[in-house]
Amino acid sequence: MTTKQYDDLVEINQKSIFHPASSINDVLNNGTSICLEGKGASITTHNDGQMIDGMSGLWCVNVGYGREELGQAMLDSASSMGYAHSFAGTSNTPQIELSEKLLDLTRGIFSRVHYGTSGSDCIDTAIKLVRYYNNLRGKPEKKKIIARVNAYHGTTLAAASLTGIPSFHTAFDLPITGVLRAPKPHFYVDGKEGETEAQFTKRMLDEIETIILNDGADTVAAFFAEPIYGAGGVITPPQGYFQGLRKLCDKYDVLLLADEVITGFGRTGEWFAHQYYGFKPDLMTTAKGLTSGYFPLSALFIGDKVWDVLVETADDMGVFFHGYTYSGHPTGCAVALKNIEILERENLVERAKEMGAYMHAQLKEKLSGCPIIGEVRGAGLLAGLQIVKSKSPKTFFDSVDKAAPLLQNAIREEKVLLRGLPSANTIGISPSFVITEQQIDNIVTAVVIGATKVQKKFGI
Ligand SMILES: Cc1ncc(COP(=O)(O)O)c(C=O)c1O
Numbered sequence: 103m104t105t106k107q108y109d110d111l112v113e114i115n116q117k118s119i120f121h122p123a124s125s126i127n128d129v130l131n132n133g134t135s136i137c138l139e140g141k142g143a144s145i146t147t148h149n150d151g152q153m154i155d156g157m158s159g160l161w162c163v164n165v166g167y168g169r170e171e172l173g174q175a176m177l178d179s180a181s182s183m184g185y186a187h188s189f190a191g192t193s194n195t196p197q198i199e200l201s202e203k204l205l206d207l208t209r210g211i212f213s214r215v216h217y218g219t220s221g222s223d224c225i226d227t228a229i230k231l232v233r234y235y236n237n238l239r240g241k242p243e244k245k246k247i248i249a250r251v252n253a254y255h256g257t258t259l260a261a262a263s264l265t266g267i268p269s270f271h272t273a274f275d276l277p278i279t280g281v282l283r284a285p286k287p288h289f290y291v292d293g294k295e296g297e298t299e300a301q302f303t304k305r306m307l308d309e310i311e312t313i314i315l316n317d318g319a320d321t322v323a324a325f326f327a328e329p330i331y332g333a334g335g336v337i338t339p340p341q342g343y344f345q346g347l348r349k350l351c352d353k354y355d356v357l358l359l360a361d362e363v364i365t366g367f368g369r370t371g372e373w374f375a376h377q378y379y380g381f382k383p384d385l386m387t388t389a390k391g392l393t394s395g396y397f398p399l400s401a402l403f404i405g406d407k408v409w410d411v412l413v414e415t416a417d418d419m420g421v422f423f424h425g426y427t428y429s430g431h432p433t434g435c436a437v438a439l440k441n442i443e444i445l446e447r448e449n450l451v452e453r454a455k456e457m458g459a460y461m462h463a464q465l466k467e468k469l470s471g472c473p474i475i476g477e478v479r480g481a482g483l484l485a486g487l488q489i490v491k492s493k494s495p496k497t498f499f500d501s502v503d504k505a506a507p508l509l510q511n512a513i514r515e516e517k518v519l520l521r522g523l524p525s526a527n528t529i530g531i532s533p534s535f536v537i538t539e540q541q542i543d544n545i546v547t548a549v550v551i552g553a554t555k556v557q558k559k560f561g562i
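Just add 102 to the spot in the sequence shown (first one is 1) and you have the numbering used here.
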């Protein structure tokens, strides 16, 4: 295409598309970046040329861009049938094979899988299931869900209500009722002077217990948590947090849901982050890495505790009146199966662990002298860089300073795409598992150059 043809497309884009999670003014004034192709951990856009995509899209292209095998799996499935629904007990072969595989990968801690097409619908299904479960076992008062400050669980009405970033609520009349907010357990930012990490964990858990007791355990149904925060700042849990949370949930008969939409399917170097942290959730939401983003598919994993109640009451309840036209879509399931086959065949989960260790070591070493990066955190190929005004004494930027978008843009000038997460003043990194050492070095160099520019801008 010629430059003129791209300019025309940008104009049509401005006149026709209402972009998700975008500034309307930004699109109207600055146009758009048209993605043209991708290979491995890189993408090409019409105005930037080739760049390293250090975010693998929206934290999802785990096996990397441009996999013909996934295209072939789609083609085979679509051309042999194209569509099959799963209502009234109907099924299809890819869905059956995928479900067996998924239950295997989670080492037997779940009983059933229920499919949708996005992380948000998966969260909505989980919220409805939590209500259903407590109604069926005669606890209709037990409905409230605890989610955390800065959590990100999606954008549908209910999922956005659990999301704990205020900008997702403003002007949408959210959150809906029945959401309780627990503190964000970020030791580096929220730990008190002189407090140890273990003391901080205890304080966080005590605050959760207080929330449960204040509202009454008989009204609290579930705790939803990302094992590692994503869009809310790539926040890793403090030592012993999930073990303590599991105990607390058991004590008060509260379900624990792990939202593994980002952390699932190898991101941390284990298949799932609850395996990485060594705890057992009752429910788990997944999407993104399930198909490496090649097809919209989500999977809600349901453990015995909930499933047994559903089975016991099935005679009385009859049909489970929930599901989607595209639940268990055969093409999506075929893509997921092929995606998992690639992850296994190429040892990509192990690779995420090894390359992740390299990435974290490089980031820590090369950014140790950088005055505006206070913490490098994460696991596997998932990292968060905490932007600070000063490391000692520890001071943070206000959101009006726009430090995260400034740094994101400065890094982009070096042909590296990372994501500024303004609500946490953090830069997120989440590349494809096929990323090379050289590409990681390029990312780290881009961060160092970008941070130096931003630091100068603030006169630091
Ligand atoms: C942890 C988590 N949960 C849920 C969602 C929502 O997923 P989707 O955008 O597919 O609706 C996301 C999306 O980024 C996420 O990171």
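Every residue, glycine too, gets a C-beta built ideally from N, C-alpha and C.
Any heavy atom of ligand 1 closer than 7 Å to the Cβ of Val363?
Mapped onto the sequence shown, residue 363 falls at position 261. Yes, since a heavy atom of ligand 1 falls inside the 7 Å radius drawn around the Cβ of Val363.
Touch test, the stretch 214-228 against the stretch 445-461, Cβ-Cβ under 8 Å, three pairs minimum
no
Using a Cβ-based criterion (distance less than 7 Å to any ligand heavy atom), does Ile225 qualify as near ligand 1?
The residue labelled residue 225 in the question sits at position 123 within the sequence shown. Because some heavy atom of ligand 1 lies under 7 Å away, the Cβ of Ile225 counts as near it: yes.
DSSP beta-bridge partners for Asp155?
As a first step, residue 155 is located in the sequence shown; it is residue number 53 there, counting from the start. Paired residue(s): Leu519.
Leu408 and Leu357 look like a contact to me (Cβ under 8 Å); what is the Cβ gap, rounded to whole Å?
Stepping through the sequence shown from its first residue, residue 408 is reached at position 306. Stepping through the sequence shown from its first residue, residue 357 is reached at position 255. The displayed chain sequence assigns Val, not Leu, to residue 408. Correct: roughly 7 Å between the Cβ atoms.
Quick one: grab the DSSP three-state call for Glu477.
Indexing the sequence shown from 1 puts residue 477 at position 375. Residue state, collapsed to three classes: strand.
Can you tell me whether Leu160 sits near ligand 1, meaning its C-beta is under 7 Å from at least one heavy atom of the ligand?
Indexing the sequence shown from 1 puts residue 160 at position 58. For ligand 1, at least one heavy atom lies less than 7 Å from the Cβ of Leu160.
Range covered by the alpha helix (DSSP H) that runs through Ser201
The count along the sequence shown starts at 1 and reaches residue 201 at position 99. First-last of the alpha helix (DSSP H) with Ser201: 195-207.
First and last residue of the uninterrupted alpha helix (DSSP H) at His376:
On the sequence shown, position 274 is the one that residue 376 refers to. 375-379 is the extent of the alpha helix (DSSP H) around His376.
Determine the DSSP secondary structure at Arg250, reduced to helix, strand or coil.
By 1-based counting over the sequence shown, the position of residue 250 is 148. Residue state, collapsed to three classes: strand.
Among Thr528, Val536, Ala389, whose alpha-carbon lies nearest the alpha-carbon of Gln510?
Locating residue 510 in the sequence shown gives position 408, counting from the first residue. Checked all of Thr528, Val536, Ala389; the closest Cα to Gln510 is Thr528.
How about Leu264 and Ala253: are their beta carbons less than 8 Å apart?
Taking the sequence shown and counting its residues from 1, one reaches residue 264 at position 162. Taking the sequence shown and counting its residues from 1, one reaches residue 253 at position 151. The answer is yes: Cβ separation under 8 Å.
Rounded to whole angstroms, what's the CA-CA distance from Asp325 to Glu309? Just pull it up for me.
Taking the sequence shown and counting its residues from 1, one reaches residue 325 at position 223. Taking the sequence shown and counting its residues from 1, one reaches residue 309 at position 207. Note on residue identity: the sequence assigns Phe, not Asp, to residue 325. Spanning the two alpha carbons is a distance of roughly 13 Å.
Would you tell me roughly how many angstroms separate the C-alpha atoms of Lys382 and Glu516, rounded to the nearest one?
Counted from its first residue, the sequence shown places residue 382 at position 280. Counted from its first residue, the sequence shown places residue 516 at position 414. Computed Cα separation, rounded: 41 Å.
When you compare only the Cα positions, how much space is there between Ala300 and Thr312?
Along the sequence shown, read from residue 1 onward, the residue named residue 300 stands at position 198. Along the sequence shown, read from residue 1 onward, the residue named residue 312 stands at position 210. Roughly 18 Å between the two C-alpha positions.
If you draw a straight line from the C-alpha of Phe498 to the C-alpha of Phe302, how long is it?
Along the sequence shown, one-based indexing puts residue 498 at 396. Along the sequence shown, one-based indexing puts residue 302 at 200. Cα to Cα, Phe498 sits roughly 20 Å from Phe302.
Can you tell me whether Arg239 is helix, strand or coil according to DSSP?
Locating residue 239 in the sequence shown gives position 137, where the first residue counts as 1. In this structure, Arg239 counts as coil in the three-state DSSP scheme.
Boundaries (first-last residue) of the alpha helix (DSSP H) holding Val322
Counting from one through the sequence shown, the residue named residue 322 turns up at place 220. From DSSP, Val322 is part of no alpha helix (DSSP H) but of the beta strand (DSSP E) over 322-327.
Measuring alpha carbon to alpha carbon, tell me which of Lys294, Gly318, Arg214 ends up nearest Ile247.
The count along the sequence shown starts at 1 and reaches residue 247 at position 145. The residue with the shortest Cα to Cα distance from Ile247 is Gly318.
Does any residue of chain C have a CB that is nearer than 8 Å to the CB of Gly191?
Going by chain labels, chain C is absent from the structure shown, which holds only one protein chain.
Could you please give the first and the last residue of the uninterrupted alpha helix (DSSP H) stretch that includes Lys106?
Sequence index remark: in the sequence shown, residue 106 carries index 4 (1-based). Unbroken alpha helix (DSSP H) run through Lys106: 105-118.
Would you grab the beta carbon distance between Val556 and Met176 for me? Rounded to a whole angstrom, and I think it's under 8 Å.
Here the question's residue 556 lines up with position 454 in the sequence shown. Here the question's residue 176 lines up with position 74 in the sequence shown. So it is not a contact: roughly 41 Å between Cβ atoms.
Ala262: beta carbon under 7 Å from a heavy atom of ligand 1?
Numbered from 1 along the sequence shown, position 160 holds the residue referred to as residue 262. No.
Neighbour-count burial assignment, Met419, 16 or more Cβ in a 10 Å radius:
Here residue 419 refers to the residue found at position 317 of the sequence shown. Label assigned to Met419: exposed.
Compare the C-alpha of Thr134 against each of Gly391, Gly140, Phe120, Gln541 and name the closest.
Counted from its first residue, the sequence shown places residue 134 at position 32. Cα-wise, what sits closest to Thr134 is Phe120.
Is the beta carbon of Cys435 less than 8 Å from the beta carbon of Pro285?
Locating residue 435 in the sequence shown gives position 333, where the first residue counts as 1. Locating residue 285 in the sequence shown gives position 183, where the first residue counts as 1. No; because the gap between Cβ atoms is not below 8 Å, this pair is not in contact.
Are the CB atoms of Pro524 and Ala553 within a distance shorter than 8 Å?
Here residue 553 is taken as the residue at index 451 of the sequence shown, counted from 1. Here residue 524 is taken as the residue at index 422 of the sequence shown, counted from 1. Cβ distance not < 8 Å, so Ala553 and Pro524 don't count as in contact.
Could you give the residue range of the beta strand (DSSP E) that holds Ile529?
Taking the first residue of the sequence shown as position 1, residue 529 is located at position 427. From DSSP, the beta strand (DSSP E) with Ile529 extends over 528-531.
Are there any heavy atoms of ligand 1 lying less than 7 Å away from the beta-carbon of His187, as far as the coordinates show?
Here residue 187 corresponds to residue number 85 of the sequence shown, with the count starting at 1. Checking the Cβ of His187 against ligand 1 gives no.
Selected residue, minimal CA-CA separation from Phe403, among Thr415, Ala389, Ile126, Ala416
Position 301 of the sequence shown, counted from the start, is the residue given in the question as residue 403. The shortest Cα separation from Phe403 among Thr415, Ala389, Ile126, Ala416 belongs to Ala389.
Between which two residues does the beta strand (DSSP E) carrying His216 extend?
For this step, residue 216 is matched to residue 114 along the sequence shown. Per DSSP, His216 belongs to the beta strand (DSSP E) from 214-218.
I want to know whether the stretch 186-195 touches the stretch 229-237 - three or more CB-CB distances under 8 Å.
no
Limits of the unbroken alpha helix (DSSP H) element including Leu130:
Taking the first residue of the sequence shown as position 1, residue 130 is located at position 28. Element bounds for Leu130: 126-132.
Nearer than 7 Å: is that true of the beta carbon of His424 relative to any heavy atom of ligand 1?
Residue 424 sits at position 322 when you count from the first residue of the sequence shown. Checking the Cβ of His424 against ligand 1 gives no.
Residue range of the unbroken beta strand (DSSP E) whose run includes Leu282
If you number the sequence shown from 1, residue 282 lands on position 180. Note, Leu282: beta strand (DSSP E), 281-284.
Classify Ser400: buried if its beta carbon has 16 or more other beta carbons within 10 angstroms, exposed otherwise.
Residue numbering aside, residue 400 sits at position 298 when the sequence shown is read from its first letter. Burial call: buried.
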